[in-house]
Every structure is written in structure tokens, then in C-alpha cells.
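Reading through the C-alpha cells given below for one structure.
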Amino acid sequence: HKEQRPRYTPNPFHAESLHYNAQEDYYVCPMGQHMNRIGTKRDKTASGYIIESARYKAKRCEGCPLRGSCFKARGNRIIEVNHRLNQYKRQARERLLSEEGIKHRGRRCIELEAAQPHSFKWDE
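Under my numbering, think of the first position of the sequence shown as 27, with each following residue one higher.
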């Protein structure tokens, strides 16, 4: 959970850090510009699983003072977001940070440590 570490500072230009308006389906860049949805990208993994990513594009990046920090490509910035994956990550984070999840994580360290010494040869 890198977000919980004291030295962690989120990158304000990553797609995860941008504000998302779910009702109207757009992102807002750090300069306050709307990034509207332009389509859906479908990729197929080697195992045959189909990944759907929504694509969002900014309108005017050419005069932006943050452009050098935001992205390096020509034209306007395009981000790809897998909303299903983000939902699964959010659910996993909520479960891990719940009271029961913290209890399970605490037990996991003890259980693994107890089982591990049996896998080594100590009498060599």
C-alpha cells in the first residue's frame, strides 16, 4: 500500500490522480481542462482475455504551461483508463483496509514465518 507510506507523493499528472466525473464521463486535467471520451480500445491478451479501456482526449494542450510535466508527445494528451480494473482495485483496497482485512494481514505474517523454516536444510 504505497499510498499509506509517509514518503509517498502522488503524481498529479497520472490518470489515477485526475478528477473523474462519472455522471458526464470526463476527466479534468491539472489545469482544469476537460478530457472528453473519444472511444473504447479493445486489446486481447495472450490468454485470450479482452481488455476494454476508455480513451479520453484533452482539447487544447498547445499553450499549457504544465505541458512539459504532463506529457511529451505532439498534439493533445490522450489517456486510457480501464474502469473495470479500477473498480476491482478499489474493492481490494477497501477489503484490505477494513478491520477484517487488517486482521488477516496480521495473521498472514505469522503463518508464513512458521511454515517457512521447514523448507530449508539446516544440517549441511
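Backbone N, C-alpha and C define an ideal beta-carbon position, used for all residues, glycine too.
A quick note: this is a predicted structure, and the numbers were derived from the prediction, not measured.
Around the beta carbon of alanine 48, fewer than 16 other beta carbons sit within 10 angstroms, so the residue counts as exposed.
For serine 79, the enclosing beta strand (DSSP E) starts and ends at 76–84. Rounded to whole angstroms, the gap between the alpha carbons of lysine 85 and lysine 115 is 29 Å. The shortest C-alpha to C-alpha distance from glutamate 106 to any of Gly127, Gln117, Met61, Glu120 is the one to Met61. Judged by DSSP in its simplified three-state form, glycine 89 adopts coil rather than helix or strand. Our two residues, serine 95 and asparagine 37, have alpha carbons roughly 10 Å apart in a direct line. The beta-bridge partner set that DSSP reports for isoleucine 104 consists of Lys83.
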